[in-house]
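Just below is one structure, and these are the notes that go with it.
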Amino acid sequence: GDGMEVASVDGHAALTWRSTTGLLIRSISESENRPLGGCTAISPDLRLVASTPANAAAFVWDVRDTSGFKQFEVDWSEYSNPPPISDMAFASDSKRLACVCWEKTVVWDIASGQPVFTRKGQPAYCLAWSPNGKWLAAGSAILDPYSGQELHSLPDLTGSREFSRDNNWLVAVGRGTILAWSTSDWKKRVAIPEDTTETTCLTISTPEHILAVGRKGEAVDLWKLPEGHRFFPLQGHGKPVSALAFSPDG
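FYI, the numbering for the sequence shown is 7 to 256, going by my numbering.
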C-alpha cells in the first residue's frame, strides 16, 4: 500500500480506514464465509486477514474478495483434541503465513495453500518475522523461514518478541528479564531484570534503538540499546498499556 491506510480486526469485523481523512474504506463483518476469532493477523499490504476460530486451523481471506476464504490446518492427526494456534504472523512480502501451535511451527505459502515447512520441537507460544524475511523467531529458535532449519538457539527467548525495522536487533520478554540480541552475531547484548509478569508489550525504534516496554502498572519504560541505560518512565495511562509503536523516524 501507500502507507496511508490503517486496518484493524476485532472478534466480529475487519475495518480499513484512510489515515489522512479518517474515512472508513472497508467494513467486513464476520460470516460463514469470513470466520473470525482466536488470534488474528493482518498482512503488511493490508489485503489479507488471518484468524483462528478453530483449534489448529487458520482462516485467511482477502478483504477485497468477500466470497470465501482459505483454510490452513496444522496436522495434528495424532491427537483427537488438537491444541490451539497461539500466535501467527505474515511475512513482510505478505506471501507467507507462519504460526506456532504448541510443539509445531508451520509456514504456509498463501497462493498455493501448501505448507512451506512444518517443524516439531519444543513448545512455542510466540513468533516474529524479521522485516528482511531472513529469520523467523519461533519459540526459542531462530529459523530459516524457507526450510525450517534452526539457525540459532536462544534458550532465553520465551515470550513476545520483535525485530527492529533495520533488522539489527531482536528484543523479547524472557524469564524475569527483558532481553536484546544483536543479529550480527546473535549474542545477547542486554538483559534487564524485570518482573515480566507485569510486562504487557514491547517495541524498538529505528534508527535510535530505543526499547519501549509497556506495563500493567500503567506506564511505559524506555531503555537505550546497546548500553541498557534507562530513561524516565512515560506516565499518563489510566489502565494497563496494551500496545506500543514508534513513529517511522524512530
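Even glycine gets a Cβ: it sits at the ideal position worked out from N, Cα and C.
Whole-angstrom distance between residue j and residue i, CA atom to CA atom
i, j, result
"residue 97", "residue 117", "13 Å"
"residue 57", "residue 65", "5 Å"
"residue 82", "residue 63", "10 Å"
"residue 204", "residue 87", "32 Å"
"residue 78", "residue 162", "30 Å"
"residue 47", "residue 245", "24 Å"
"residue 159", "residue 147", "5 Å"
"residue 177", "residue 104", "19 Å"
"residue 142", "residue 32", "31 Å"
"residue 3", "residue 14", "With the chain covering 7 to 256 only, the question about residue 3 has no answer from this structure."
"residue 59", "residue 44", "5 Å"
"residue 21", "residue 67", "13 Å"
"residue 123", "residue 222", "37 Å"
"residue 210", "residue 170", "6 Å"
Bounding residues of the beta strand (DSSP E) (the contiguous stretch that carries residue i)
i, result
"residue 148", "147–149"
"residue 121", "121–130"
"residue 175", "175–179"
"residue 23", "19–24"
"residue 257", "Coverage of the chain is limited to positions 7 through 256, which leaves residue 257 absent and any answer about it impossible."
"residue 251", "Premise fails: residue 251 is in no beta strand (DSSP E) and is neither H nor E."
"residue 143", "142–144"
"residue 117", "Element bounds for residue 117: n/a, residue is neither H nor E."
"residue 133", "133–135"
"residue 171", "Careful: residue 171 lies outside any beta strand (DSSP E) and carries neither H nor E."
Neighbour-count burial assignment, residue i, 16 or more Cβ in a 10 Å radius
i, result
"residue 110", "buried"
"residue 168", "buried"
"residue 182", "exposed"
"residue 191", "exposed"
"residue 151", "buried"
"residue 164", "buried"
"residue 93", "buried"
"residue 29", "exposed"
"residue 18", "exposed"
"residue 253", "exposed"
"residue 227", "buried"
"residue 236", "exposed"
"residue 74", "exposed"
C-beta neighbour in chain D for residue i, strict 9 Å
i, result
"residue 152", "Of the protein chains in the structure, only one exists, and it is not chain D."
Alpha helix (DSSP H) segments (min. 4 residues) lying fully within the region 183–244: none
In chain order, each beta strand (DSSP E) run of at least 3 residues that lies wholly inside the region 45–106: Scanning the region 45–106 from its first residue to its last, the whole beta strand (DSSP E) runs of 3-plus residues come out as 46–48, 54–60, 63–68, 76–79, 93–96.
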